[in-house]
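Engineer: In this note's numbering, the protein residues as written are 7 to 228. For each residue, glycine too, the CB sits at the ideal point set by N, CA and C.
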């Protein structure tokens with residue numbers, strides 16, 4: 007899958023964003039113990055969990071290559087969703103950077119003909135294949151917090167060759183020592199992005215679209 011040109015130069019401490027897979031490996035050194043095998047196993051589990059917790063609390067960079075993005079249209083006569091599980095992006099707390107993008111060709115509404123019309127007639131994915139959001143946290147999240155925490159990001163959303171300043175509210179959860187959970191949503195007007203809706207389909211395709219992203223990110227380990 008191609009990557010937006012701007013992201014081709016974006017790096018994590020010199021490592022380019024084109025990385026498509028991340029393997030998080032936490033090794034355990036062998037140890038000698040006089041306790042029972044059961045106790046030793048329990049000790050290793052606790053040891054492993056603590057190392058994982060230390061790793062994520064020390065990490066400042068997370069990426070995903072398989073998040074989910076949903077475009078929700080609520081027209082007077084029809085509600086439908088376009089869903090993709092190909093959302094890609096990053097969180098970099100060191101640089102205070104949030105960046106997510108999706109190949110719009112991967113959106114699926116469940117009806118093949120509707121997908122074709124959406125891509126060819128409205129989104130024009132042959133010319134504008136990506137939608138992208140890039141921004142910064144108003145206040146950096148606390149990676150040591152347990153449970154979901156509210157976050158606000160200001161930045162630029164780009165679609166159909168048009169860029170608009172927006173503010174996005176969401177939640178981050180650092181509770182799991184091996185991953186970060188992200189949920190966020192915002193609304194856009196297709197007309198703000200020079201996407202025209204013919205009057206013939208006005209009652210089937212709403213000008214206002216809700217965009218929801220849901221992603222699990224892993225610590226980036228160069």
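#1: Can you give the beta carbon distance from residue 174 to residue 159, rounded, assuming they're within the 8 Å contact cut?
#2: Could you check what DSSP says for residue 130 in three-state terms: helix, strand or coil?
#3: Tell me whether the stretch 186-194 and the stretch 220-228 touch, counting them as touching only if at least three CB pairs, one residue from each stretch, are closer than 8 Å.
#4: By how many angstroms is the C-alpha of residue 130 removed from the C-alpha of residue 163?
#5: Find out if the Cβ-Cβ distance for the pair residue 81, residue 216 is shorter than 7 Å.
#6: Using CA coordinates, which residue listed in 184, 100, 226 and 108 is at the minimum distance from residue 91?
#7: Assign residue 104 to buried or exposed, taking buried as 16 or more other Cβ atoms, counted over all protein chains shown, within 10 Å of its Cβ.
#8: With a cut-off of 8 Å on the beta carbons, I'd call residue 141 and residue 167 a contact; round off their distance for me.
Structural biologist: This is what the structure gives:
#1: Right, their Cβ atoms sit about 5 Å apart.
#2: Secondary structure at residue 130: coil, using DSSP grouped into helix, strand and coil.
#3: Yes: the two stretches touch, three or more of their Cβ pairs being nearer than 8 Å.
#4: Rounded to the nearest whole angstrom, the C-alpha separation of residue 163 and residue 130 is 17 Å.
#5: Remark: C-beta atoms of residue 81 and residue 216 do not approach each other more closely than 7 Å.
#6: Considering only 184, 100, 226 and 108, the residue with the shortest C-alpha distance to residue 91 is 108.
#7: Taking all protein chains in view, the Cβ of residue 104 is crowded by 16 or more other Cβ atoms within 10 Å, so the residue is classified as buried.
#8: Between residue 167 and residue 141 the Cβ distance is about 19 Å, and since that is not below 8 Å, they are no contact.
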